[in-house]
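Residue numbers (my numbering), protein chains in the order written: chain A, 712 to 921; chain B, 89 to 387; chain C, 72 to 882; chain D, 36 to 233. We treat Cβ as the ideally placed atom computed from N, Cα and C, and that holds for glycine. As the structure is a computational prediction, the values presented were derived from the model and not from experiment. Read the structure below first, then the notes.
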Amino acid sequence: MADKNNILDRYTAGARLNHWINAILMICLVLSGMALFHPSLFFLTDLFGGGTMARIVHPWIGVLAMLSFLGLFIRFWRFNLWTRDDSAWMRNVKHVVSGDEAKVPEAGKYNAGQKLVFWLMSILTILLLTSGLAMWDSQFGEYTTIDQKRLAVVVHAGAAVALLIVVITHIYAAIWIRGTIRGMTRGSVTGGWAWRHHRKWLREEVGKTK
Amino acid sequence: MSSLQSLDIRRRSATVTQSPSQREATEIAKLIDVSRCIGCKACQAACLEWNDLREEVGVNVGVYDNPHDLTENTWTLMRFTEIDVDGRFEWLIRKDGCMHCADPGCLKACPAPGAIVQYKNGIVDFISENCIGCGYCVKGCPFNIPRISKKDAKAYKCSLCSDRVAVGQAPACAKVCPTQAISFGTKKDMAAWADKRIADLKERGYKSAGLYDPPGVGGTHVMYVLKHADRPQIYAGLPKDPKISPLVEFWKGVTKPLALAGVGLAALIGFFHYVTHGPNEVQAEDEEAAAKARRTPAE
Amino acid sequence: MTNLWADIKNTDLVVIMGGNAAEAHPCGFKWVTEAKHHKKAKLIVVDPRFTRSAAMSDLFIQIRPGTDIAFLGGVIKYLLDNDKLQKEYVLNYTNAAYILRADYKFEDGLFSGYDEAKRDYNRASWEYEFGDDGFVKADTTLQDPRCVFQVMKAHFARYTPEMVERITGAAKDKFLEACKWIAETSAPDKVMTSMYALGWTQHSKGSQNIRTMAMIQLLLGNIGLAGGGMNALRGHSNIQGLTDIGLMSNLIPGYLTLPTDAQADFAAYMRPRGFKPLRPGQTSFWQNYDKFFVSFMKAMWGSAATKENDWAYDYLPKLDVGAYDVLRGWEMMHQGKINGYFCQGFNPLMSFPNRGKLATAMAKLKFLVVMDPLATETSEFWQNHGEHNAVDPAKIQTEVFRLPTTVFAEEDGSLTNSGRWLQWHWKGAEPPAEAITDIEIMAKIFLKVRELYQKEGGAYADPILKLTWDYEKPQHPSAEELARELNGRALADVPDPRDAARLVLRRGQQLNGFGELRNDGTTMCGNWIYSGCWTEAGNQMARRDNSDPGGLGLTPRWAWSWPANRRILYNRASADVKGAPFNPKQKQVWWNGERWTGYDVPDYGPLVKPEASVGPFIMNQEGTARLFTRGMMRDGPFPEHYEPFEAPVANPLHPKVGPNPVARVFKGDMEVFGKAADFPYVATTYRLTEHFHFWSKHVRINAITQPQEFIELGEELAKEKGISSGDLIEVRSNRGRVKAVAVVTKRIKVLKIDGKMVHTVGIPLHWGFTGETKKGFGCNQLTPYVGDANIETPEYKAFLVDVKKLGTTAA
Amino acid sequence: MGSMKITRRGALKLTAASVGASTLTALGFSPAQAQGAVRAFKLERTTETRNTCPYCSVGCGVIMYSVGDRSKNVHGKIIHIEGDPDHPTNRGTLCPKGAGLIDFINAKTRLQYPEYRAPGGKEWKRISWDEAIDKIARHVKADRDKNFITKNADGQTVNRWLTTGFLAASATSNETAWITYKAVRSMGMVVFDNQARV
């Protein structure tokens, strides 16, 4: 249906690779983290070779995930700067949820919802990183007091859950908005997709090519 | 058949279901009468000996406390305090170690199923084989007792010699104590013995002598007779009203169901949204509009 | 100990002074905590430091090291002034009523008969006055100014509470409180126990420290009673046994003594050992001396000891001096007069005073033999261990043999504890590698020497060639065989002295006790006081029945105690003159109308009627206990406070007579005593509970619990010197120095002595340069080379040092 | 601090290895869950021997527990020592030294073989018992023969030997003490003492 010429490049191969590395690491983190968080999910540690292995690998995965997220951050942060339109978008987010994007301002490369996801992920990653280091006893146990560690575990758990909810939103949005996933798999989207969801971006891209 | 031939389990860490609870058991306790303790460290030596633990030989840093703190090898330690109490000089000597709380913070915090168990008799034991070395028990303990090994990254602490108690023997420290500053028996008997000791101390002018069995952790299976029970802190920082940290209670309490509910809810909302709204698909007119836009430069 | 460990539970008051039982004898101290809990007993601790014992006390008094006699003298004065005496006891069971010779005097710190040049007394005037009947005169009203009681009262009149405070630094109110508590035990049914150890013995007047308390216990009527007594807490597991068996220069087993040069034959030897009763009708049990002696000689030389050769009298070495004690021995070594030396399980390089002198002395030996289970410092004295043993091996020509021995777990045998119990133990494991027992080593060395004498002849070989060695395996005598020899047996049929037709023992039978010993060569016995330990009924030391009839904790069927399985010595004195127990609640022995009976073996003739007025102290010629010791002690018949040889002040009682005027000091040692001007602080040395001497530093568990040498300073001194806990400090005496970690403590306070502020420095003794702990110097780098005037126990407990801070961090 | 760094580096190494191993274990090679159980009582079926603590003079009873039942082919080894509950003095208790006795038996510095140090030597040399005893006996006889005093200056018979001394111990058995006494006195030695004073 779509015209072969009506295709836009959205993500470079590097960006895609970066994203999916991050995604895989996040899955590992979620699985190992939830396993250690809730007794009912402890069986998930078997995916990592048992409880001790899960305990050992989780923070290392966390470090890798943090590095890979840093890559994403560097790539995307400037596209996620907040604009006045974004605030208007947010005010009318209910139309977006009901699939009526015409009633919100045209979105650039990212709409306000995506920017929110981006910034939430950034903030929560920092929280997870700092709290994670504070409770990583085998490496840094001596640098924090027990009270600091107690705070850290609560922050870590809270941030992880929040991040998980953000990630679920992120994934659901990608599934719900058809045509999105190909952006992150093949790197390109159809013009129609861009017109429908990121019209301002489309116009910018068109402007560039001319 | 239970894997435990001799001691029934009351609670296991990271286990939401109940342990077999049909059989009754007598609660035991170790009573440490600080007023009879001469700080000889026989308990420390016996603990090392019985449990096959050996610390590195350290240095003296200007005090009698050696080693200087509990470690994965030193499960019990004499702590010495020189202090003037009510105008009288006293050398307070307290045997530090696991208190075997009725409501153990370590067990509450532990994420590894069965790594920490509480036997019916009250002993809180670390089952090292199941320990994953996360150190959560350290955060859960209100008495700062568990230590993580540098060798195997597992948590260690006093087991109240569960292996001895299981065969009807007293813990090594209690048996060895030359002055009966440590005694061992049923919790009820120990409380009665403590009453006698407290009466004796009161007769000798220690008006605030009393028993340390802190209710904040549901009582303990290691109790102290203190000459100054109103000021436990003077005994090398014995907490006055120990409780599991509210942060840990929060973390291991409401956070768990709330988090699972939150995550589940997020997934569910997405699912229901999809069911009610269907996919947001790109329409043909979108493609056309896009194609048109690409042909017509935006002005 | 006159009593036994478990008996401490029977006391009303414990006085720990000159010792630190909680620290050094924790399992014995248990019985103090039992007495406190079950008998509501009180505990007084008097010490230069607030010790672990003090932590358990009801009353703690800090005194300056070396001033115990002043403190206790003050107690005696208090008791006499306030009439707090057990009168029936004092009058009948002590020599209080005896009249003294008119020429006995005490003036300006000296007793009559002092010879300054010899640093010794002519003790002739320290004697009773005798009546025409040959017996001592007595005044039972105690009013005669020359009676012991009155002379004693005059002697101690100077020890006022003010003087006590001036000398010892003990606050007057606390001292009087202690006196009051002590005085309460003068009631016939109240008892006090004295627990002491090397805190009293290791002084230049150590024996008199103990005597002063013994006098107090006699005045209070506490000797012989359950819960009372003079309880010397011996330091080592079998030092009681080694002393009982006479392993000392001048001893024969069972506290018999070697002859002197002048005693040319057996008759001359026995002449001063007649032990004629000094009061009518007394037992004076030492009158049996010849039986013990002859049986000992028969044990040594068997058939070679005959009546004709005075029981091989010449085989025994004779002494030209009081004794070749260790201080004299090492002085001789220092002078190059000793060529060979054996150390059996003993680490003298760390144990004797003035390590510098010891090291010099050892390097003059031709050969040194060390038998030990552990690598002791002594065996490695020639090895360079940096600053901890800075020697040049190339310059030391001593040949050293180091022989590995077994430890307790790897051998059978008996040990005698402080309560005089001989307890048998059993081997539980094989020794490591080539280690063998000391018994086997001694047998090997002796048999090899004997073989050489047999082959080659040599100087006076007979005592060696004829020594009894009838063991089944001569190279491996068994512990059982040796124990049976100690007990003794009949060498011929022994008839009953009252009925010659009746045999007491058949030839070859084990003796039942020393009552069966004979002076005619028909019995042999290695150690008369151990007779009864291995009878025909078997090994009594291995008995394990812990039943306790009477409930006093005597457990008479557990192991075996000397003498005659008696658990409390002088127990006759626990009953009144008529034979009824002073304390009916703690009955020990009593007269039942026909004989003495009770829960203990009566220390008395079983059929001697109470009205026969035989004194309860049957070993004494008087039959009574001695408040005045006649000429039996070198430094005075009454105790007197003398300063330590290194003291911070002049003697406040008599400035001209400072330290013990008769304590022996060798040339060269006197010169290295330090002066208070250069060494202003009083030092004392001691054990810690975590360690045992120089052994447990080889033991990992104990090394963990106390890993490194340290020195304790009071907060006041530390502040003056800018020292904090954990700093590295140097402590120097005029003989050497120790570098160690500072432990700054509130447990040592500065004391005001004779108007001067005096600090005390505490030096634990356990470290050296071998073993698991960090290397250390050892307190004997500092200690002075002078001993007690009577028994030469070195003055480890009071000397002078200076303190300097070296750095802020140790280790 | 130095030692801590090494520890951390070691831990890092361990962690790295673990991460490697985790790829294997992720495929399903995970260890089975162990159940919670008390440590096995280590004294079951050990052999008990009664003894007395060799340190101070309280004379506490101890029980030594060894593996092996004294059968011919089994080398027994003491694995644990604790107080004898029947003993009337210590009633099963011990002090820190008594409680650590096992490490005395097993001390690293326990002597294994007879050793000899030559004059001026810097090292120990292992020798046989026979050689040690021969040499010692030679020394003893030579010194005794040379320096034994049969009569003093006044012509009195004294039969003493002053140039070699003997220090007996404080923890050897009475039986050792007696055989030592016999050997020492028969040779006429008087520079003879024990550890009663220090």
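- Assigned with DSSP and collapsed to three states, B:Val-305 falls in helix.
- Take the alpha-carbon of C:Pro-464 and the one of C:Thr-854: they are about 25 Å apart.
- At least 9 Å separates the CB of C:Gly-298 from every CB of chain D.
- Per DSSP, the unbroken beta strand (DSSP E) holding B:Trp-179 starts and ends at 176–185.
- Within a 10 Å sphere around the beta-carbon of C:Phe-201 sit fewer than 16 other beta-carbons, which makes this residue exposed.
- DSSP, reduced to helix, strand and coil, places C:Ala-646 within a strand of the structure shown.
- In this structure, the alpha-carbon of C:Ser-366 lies about 16 Å from that of C:Ala-338.
- Counting along the chain, no beta strand (DSSP E) covers C:Ile-639, and no H or E run does either.
- In this structure, the straight-line span from the alpha carbon of C:Met-371 to that of C:Lys-727 is close to 50 Å.
- Distance from the CA atom of A:Tyr-821 to the CA atom of A:Ile-772, rounded to whole angstroms, is 28 Å.
- Of the residues assessed, C:Gln-546 falls on the exposed side of the cut-off, its CB having fewer than 16 other CB atoms within 10 angstroms.
- Rounded to the nearest whole angstrom, the C-alpha separation of A:Val-808 and A:Val-900 is 21 Å.
- With contacts defined as CB atoms closer than 9 Å, A:Phe-790 and A:Ala-868 fail to qualify as a contacting pair.
- At a C-beta separation below 8 Å, D:Arg-74 has these neighbours in chain B: Ser-247, Ser-250, Asp-251.
- Looking at C:Arg-666, C:Phe-356, C:Asn-380, C:Asp-671, the one whose alpha-carbon comes closest to that of C:Arg-637 is C:Asp-671.
- Secondary structure of C:Pro-503 (DSSP, three-state): coil.
- For B:Asp-288, the residues of chain C that pass the 7 Å Cβ criterion are His-108, in the order they occur in the chain.
- Under the 10 Å beta carbon count, B:Arg-383 is surrounded by fewer than 16 other beta carbons and is classified as exposed.
- B:Glu-373 and A:Gly-903 have their alpha carbons spaced roughly 8 Å apart.
- In the three-state DSSP reduction, C:Met-433 falls in the helix class (H, G or I).
- Residue contact with chain C for B:Pro-266: present (Cβ-Cβ distance below 9 Å to some residue of chain C).
- Apart from sequence neighbours up to five positions away, the residues of its chain that approach B:Ser-101 with a beta-carbon distance below 6 Å are Leu-195, Cys-198, Ala-203, Ile-204, ordered along the chain.
- By a beta-carbon distance limit of 8 Å, C:Gly-411 contacts C:Leu-436. Their separation comes to about 7 Å.
- With three or more CB-CB distances shorter than 8 Å, the segment 151–164 of chain D counts as touching the segment 468–475 of chain C.
- Under the three-state reduction of DSSP, C:Met-442 is assigned to strand.
- Measuring C-alpha to C-alpha distances from C:Phe-364 to each of C:Phe-227, C:Trp-605, C:Thr-593 identifies C:Thr-593 as the nearest.
- Annotated as proximal: C:Cys-850 and C:Ile-834, with beta-carbon spacing under 9 Å.
- Taking 9 Å as the threshold, the shortest C-beta distance from D:Arg-126 to chain C falls below it.
- Note that the segment 121–140 of chain B touches the segment 131–141 of chain D; at least 3 beta-carbon pairs, one per stretch, sit closer than 8 Å.
- In the DSSP assignment, C:Leu-296 is bridged to no other residue.
- Judged by beta-carbon spacing, C:Lys-746 lies beyond the 9 Å limit of C:Glu-787, meaning their Cβ atoms are not closer than that value.
- By the criterion of a C-beta distance shorter than 8 Å, C:Gly-180 is surrounded in its chain by Glu-711, Tyr-713, Asn-722, Leu-724, His-725, Lys-727, Val-728, Pro-732, once the five residues flanking it on both sides are discounted.
- DSSP places B:Ile-357 inside the alpha helix (DSSP H), whose first and last residues are 343–365.
- With a 10 Å radius around the Cβ and a threshold of 16 neighbouring Cβ atoms, B:Thr-267 comes out buried.
- The C-beta distance from C:Gly-90 to C:Met-266 rounds to 6 Å, short enough to fall under 8 Å.
- For C:Trp-495, the enclosing beta strand (DSSP E) starts and ends at 492–496.
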